[in-house]
Amino acid sequence: MLSCAAAALVLLGLGLALLWAPEDADQGISQKIFYVHVPVALTAYACFGWAAWKALRLLWTGDERYDLESYTGVHLGTIFGVLTLVTGSIWAKVSWGVWWSWSERQLVLFLILFLFYSAYFMLRYSLDPGPRRQRSSAVYALFGVVLIPISFLAIRLAEDLIHPVVFTRDGPQMSDSMFATFCVCFAGMLTLAGSLYRVELTGKRIDERVRELRELLDAEPVRQHVLTEVRS
Amino acid sequence: MIRARGLTKRFGTKRVVTPLDLDVGAGDFLVVTGPNGSGKTTLLRLFSGLVAPTGGELELSVDRSALGFLAHEPLVYRELSAVENLELFGRLYRVPERRERVGMLLERYGLWDARHERARSFSRGMLQRLGLCRTLLHDPRLLLLDEPFNALDADGVELLERELASPASERTLVVATHDPQRLDAFATSRLALA
Amino acid sequence: MSGLVADSAALARKDLLLELRARETLPAMLLFVVTALVVFHFALPADVSDRAAGGLLWVAIVFTALLGLTRAFVAEREQGLLDALVLTPCDRAAIWIGKALAVLAFLVAAELVALPAYALFFTALDPAAIAGVVLADLGICAVGTLVAAMAVAGRARELLLPLLFLPLAIPIVVGGVGATVGDEPARSLAFLALYDVIFAILCFASFEYVVTE
């Protein structure tokens, strides 16, 4: 159901973006990448935020289920993050002729986040499955979500602004039709992320269950222990 | 004191503790026996709270300040002296009249003369005795000892037996060993892990 | 609260005492940071400004800190002493505070040599830069200690620590460089202070979960 909605929204959004929304006065047709790049970026943030929320729930309640949910969130967020970097790079190439620009705040921010969350996976591979790994991963995921605004401030501190401003305090600098298209694309990306999340989480849970069953089957037989009371 | 229902611990395919139901009441002396690899150490680590169970329930009615754990390793800082080690742990355990208690334990376990020497220079037996002092420092109500006689020298063995024999009626003990005869006189129950 | 302070102090004193006796970490950090500065001289082309050297100072500081952090929990790990500390009734955050304070002491000691060396090899540092170093040190030690505790529990811990630490250190470097060579050092210092406060609170609250099950 969700995946149907996702597919429909993404297709609709792309269609609107390509055919219906007017061309940007400054950038021309290359601006259309914005309809993919920004929703993907925002969806990545949403995934990281979701992962951090699940991490918090894990630490708060100690319920193991949240570990895989948080992990899937980080995984999806990283995928969307890489997509953000790729689409942003393409946009930069088309707009300004360079594949990379340090003046692009979003791009730099996502580069930092990509490095951070890649280390998340290294952390998980380095620890054996168990409460220690779950808790450390959760704490790290929380650090990630705090790093997002801090890095953003750091980048602003370090760089000038060249990235085109899309949302100002008065509202989006887009015409109504552009804004509508953007919203459809954003909704499409979110639902896509949501359905991917569901699929991946189910897959991971099944994997875990299979692994557990296999371990139980291969495990040494239940040994008898003997408890005796002794009159002393 | 300790209440376990269906307690299990697994490390991957290695089933270290099989479903265990257990009650240890105040004043009990539980001797845990079994061959190497039967899960004695893991069981004690579960009781101490260092390791979380994979399944089942485990309840402890004491908090960390009343729990003493002697592991395989003596768990002392090698580059600190005996006194410095005990002073540190005494501070962390909020031991009242710390200096006197440290001195008394060092003397009782024959470490008084070596008290200012770094633990690095101690023999294995002395290290284990120092570890025992660290464990007893805060007079814990629940004492978990993991094969305490293993690394002890002859003097240490005698001191430990004397300690176990002393009528500390409030004290509850769980001792893992593969030499259960030694503790026959004290044990109130025995758990034989296969 | 006084318990927390007393425990942290006792643990920090323990680490300083251990280092005083072993004398392994601090000499290495001192030598490393001076060597790094010399390497930077050779790495910078002649026509590059002092501003570039100011930036590289921060590279030296961050990697010297990494050296110290890699050693931070080694004793506890090799001798199982983290178990002993976790078993005590002290607040686990005291372990973090004590260890972070010790690492801070080593880092400051290394900088007491590094900063004059930098002034000798390159240019003098103004008070804003010094303030930046101080604030940055707090952030480095707070975050670095927690991340070191995470890494030490797993395999390949020496490899893992830089990977976990460096992305978190990027904002510190930005703030530090801003304070050293930037036009508005006050803004950079304010940012460093913000980083320190936010991450210190986060580390304080979450350290318990990193060292227990």
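Chains as they are written, first to last, in this note's numbering: chain V, 1393 to 1624; chain D, 3 to 196; chain Y, 37 to 249. Glycine included, each C-beta is placed from N, C-alpha and C at the ideal position. Source: prediction; values computed, not measured.
In or out: D:R101 buried (at least 16 other Cβ within 10 Å) or exposed?
exposed
7 Å Cβ shell around V:P1556 - same chain, five flanking residues per side excluded
Summary for V:P1556: the model assigns pLDDT 40, below 50, so the residue's position carries little reliability; its value from the coordinates is reported in the next sentence. Within the same chain, and ignoring the five residues on either side of V:P1556 in sequence, no residue has its Cβ closer than 7 Å to its Cβ.
Out of Y:T100, Y:A45 and Y:P81, which one is the CA nearest neighbour of Y:T71?
Y:T100
Three-state secondary structure (DSSP) of D:R173
coil
Give the straight-line distance between the Cα atoms of V:D1520 and Y:G190, rounded to the nearest whole angstrom.
7 Å
Given 8 Å as the limit, is there contact between the region 65 to 72 of chain D and the region 98 to 114 of chain Y, that is, 3 or more CB pairs closer than that?
no
Cβ pair D:L24, D:I4 closer than 8 Å:
D:I4 is positioned such that its CB atom lies closer than 8 Å to that of D:L24.
In three-state terms, what does DSSP make of V:G1480?
For V:G1480, the three-state secondary structure derived from DSSP is helix.
If we count Cβ pairs, one from each stretch, closer than 8 Å, do we get three or more for the region 1531 to 1547 of chain V versus the region 1437 to 1445 of chain V?
yes
Can you look up Y:A189 in the DSSP assignment and give me helix, strand or coil?
coil
Are the C-beta of V:R1561 and some C-beta of chain Y separated by less than 8 Å?
Reliability fails at V:R1561, whose pLDDT of 35 lies under 50, so the model's placement of it is uncertain and the value that follows must be treated cautiously. So no, V:R1561 is outside the interface.
Chain-ordered neighbours of V:R1524 on chain Y, where CB pairs are closer than 8 Å:
A189 and E249
Would you call Y:W132 buried or exposed, if buried means 16 or more other Cβ atoms sit within 10 Å of its Cβ?
buried
With a cut-off of 8 Å, does the C-beta of V:T1453 fall near any C-beta of chain D?
It does not: the Cβ of V:T1453 has no partner Cβ on chain D nearer than 8 Å.
What residue from D:T56, D:R93 and D:L193 has the CA that sits closest to Y:A45's CA?
D:R93
Between Y:A178 and chain V, is the shortest Cβ-Cβ distance under 8 Å, so that the two count as touching?
no
D:T35 classed as buried or exposed, judged by whether at least 16 other C-beta atoms fall within 10 angstroms
buried
Going by DSSP, which residues form a beta bridge with D:L22?
D:L9
Terminal residues of the continuous beta strand (DSSP E) containing D:F151?
Careful: D:F151 lies outside any beta strand (DSSP E) and carries neither H nor E.
Smallest Cα separation from V:R1497: which of V:R1524, V:M1514, V:K1485 and V:S1543?
V:S1543
CB contact below 8 Å: V:D1552 versus chain Y:
For V:D1552, the predicted structure reports a pLDDT of 41, less than 50, and the residue's modelled location is therefore unreliable. A value from the coordinates is still provided. Cβ-Cβ to chain Y under 8 Å: no for V:D1552.
So which residues of chain Y does V:Y1532 contact, with C-beta pairs closer than 8 Å?
M186 and L200
Reduced DSSP secondary structure (H/G/I, E/B, other) of D:E119:
coil
Taking all protein chains shown into account, do 16 or more other C-beta atoms lie within 10 angstroms of the C-beta of D:V53, making it buried, or fewer, making it exposed?
Burial call: buried.
Can you grab the Cα-Cα spacing for the pair V:L1477 / V:W1483, in whole Å?
10 Å
DSSP-derived helix/strand/coil call for D:P96:
Before going further, note that residue 96 of chain D is Arg rather than Pro in the sequence given. Note: D:R96 maps to coil in three-state DSSP.
Name, in chain order, the residues that DSSP records as bridge partners for V:V1618.
D:A194
Which residues bound the alpha helix (DSSP H) around V:T1594?
D1568 to D1610
Give the straight-line distance between the Cα atoms of V:Y1589 and V:L1434, rounded to the nearest whole angstrom.
16 Å
Measuring CA to CA, which of Y:I97, Y:V213, Y:L199 and Y:Y245 is closest to Y:A88?
Y:V213
Pick from Y:M65, Y:A136 and Y:L80 that is closest to Y:R49, judged by C-alpha positions:
Y:A136
Just to make sure I have the definition right: I need the residues of chain Y whose C-beta is within less than 8 Å of the C-beta of V:V1538. Which are they?
I234, F235 and L238
Cα-Cα separation between Y:E329 and D:F188, rounded to whole angstroms
The question about residue 329 of chain Y has no answer here: the residues shown for chain Y are numbered 37 through 249.
Can you list, in chain order, the residues of its chain with a C-beta nearer than 8 Å to that of V:P1564? Leave out the 5 residues immediately preceding and following it.
Unreliable placement is indicated for V:P1564, whose pLDDT of 47 sits below 50; no coordinate value is reported for it.
When we look at the beta-carbon of Y:L207 and count the other beta-carbons within 10 Å, is it buried (16 or more) or exposed?
Residue 207 of chain Y is actually Pro in this sequence, not Leu. Y:P207 comes out buried.
Between which two residues does the alpha helix (DSSP H) containing V:L1410 stretch?
No alpha helix (DSSP H) holds V:L1410; DSSP gives it neither H nor E.
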